[in-house]
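One structure below.
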Amino acid sequence: MSEYKILTGDCLELLPNKRSIGSVDLTFLDPPFNQNKDYSHHDDNLSPEEYWGMIKDVCQKIFAVTSVGGAVFFMQREKNTEEVLRCLRESGWTLQNLIIWKKKTSAVPVSSKFGKHYQIIAYATKGDKARVFNRLRISPPLPANYKKEER
Ligand SMILES: C[S@@+](CC[C@H](N)C(=O)[O-])C[C@H]1O[C@@H](n2cnc3c(N)ncnc32)[C@H](O)[C@@H]1O
Numbered sequence: 001m002s003e004y005k006i007l008t009g010d011c012l013e014l015l016p017n018k019r020s021i022g023s024v025d026l027t028f029l030d031p032p033f034n035q036n037k038d039y040s041h042h043d044d045n046l047s048p049e050e051y052w053g054m055i056k057d058v059c060q061k062i063f064a065v066t067s068v069g070g071a072v073f074f075m076q077r078e079k080n081t082e083e084v085l086r087c088l089r090e091s092g093w094t095l096q097n098l099i100i101w102k103k104k105t106s107a108v109p110v111s112s113k114f115g116k117h118y119q120i121i122a123y124a125t126k127g128d129k130a131r132v133f134n135r136l137r138i139s140p141p142l143p144a145n146y147k148k149e150e151r
């Protein structure tokens with residue numbers, strides 16, 4: 001069994017650690033969404049400039065400690081997709097997929113547009129492709145008009 005350590009604290013302080021460079025293979029990034037939620041150690045009501053500046057800083061710091069071929073999964077609200085892709089791109093990440101996480105909860109009805117039943121998860125790698133990629137363990141049935149299975 002491999003050893004692991006759980007670190008608690010401010011990622012902006014913990015990540016810039018020279019000993020960690022190249023030691024991280026995968027990050028799941030699920031930051032606060034700047035919706036004025038009540039977090040004990042985080043101001044969730046920043047200006048858009050402060051918020052996206054901080055998020056880009058986090059993306060850069062994760063990139064610095066990630067091994068070549070390592071990956072990040074970055075979850076956000078659908079309306080922030082453009083900013084998410086920009087932050088990843090400008091901090092050196094290579095986008096592989098935009099995953100749509102279909103949620104079964106918190107779909108708020110809206111009269112003027114489609115309801116938001118999902119969140120996005122941007123999957124990106126350090127370098128052109130992932131060093132390790134495990135396919136899904138389930139094979140969803142092919143849509144009727146598909147002739148070949150994806151490889
Ligand atoms: C959207 S929640 C993530 C929830 C988590 N995925 C879960 O399932 O419990 C965002 C989390 O980021 C934490 N957070 C905010 N700023 C942080 C920072 N600078 N360093 C580390 N964690 C931070 C918040 O305290 C909060 O727990």
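Position 88 of the sequence shown, counting from 1, maps to 88 under the working numbering, and the rest follow consecutively.
Cβ coordinates follow ideal geometry from the N, Cα and C atoms, glycine included.
Close-in-space but distant-in-sequence residues of the same chain around residue i (CB under 8 Å, 5 per side omitted)
{"i": "isoleucine 99", "result": "Phe73, Ile120, Ile121, Ala122 and Tyr123"}
{"i": "leucine 95", "result": "Leu85, Leu88, Arg89, Ala122, Tyr123 and Ala124"}
{"i": "glutamate 49", "result": "none"}
{"i": "glutamate 82", "result": "none"}
Rounded separation between residue i and residue j - CA only
{"i": "lysine 103", "j": "tyrosine 118", "result": "5 Å"}
{"i": "proline 141", "j": "glycine 115", "result": "27 Å"}
{"i": "aspartate 43", "j": "leucine 15", "result": "20 Å"}
{"i": "tryptophan 101", "j": "asparagine 17", "result": "32 Å"}
{"i": "alanine 144", "j": "leucine 136", "result": "20 Å"}
Check whether residue i and residue j have beta carbons under 8 Å apart
{"i": "leucine 12", "j": "lysine 61", "result": "yes"}
{"i": "glycine 70", "j": "aspartate 25", "result": "yes"}
{"i": "leucine 29", "j": "methionine 75", "result": "yes"}
{"i": "serine 20", "j": "phenylalanine 63", "result": "no"}
{"i": "lysine 126", "j": "valine 58", "result": "no"}
{"i": "serine 23", "j": "valine 65", "result": "yes"}
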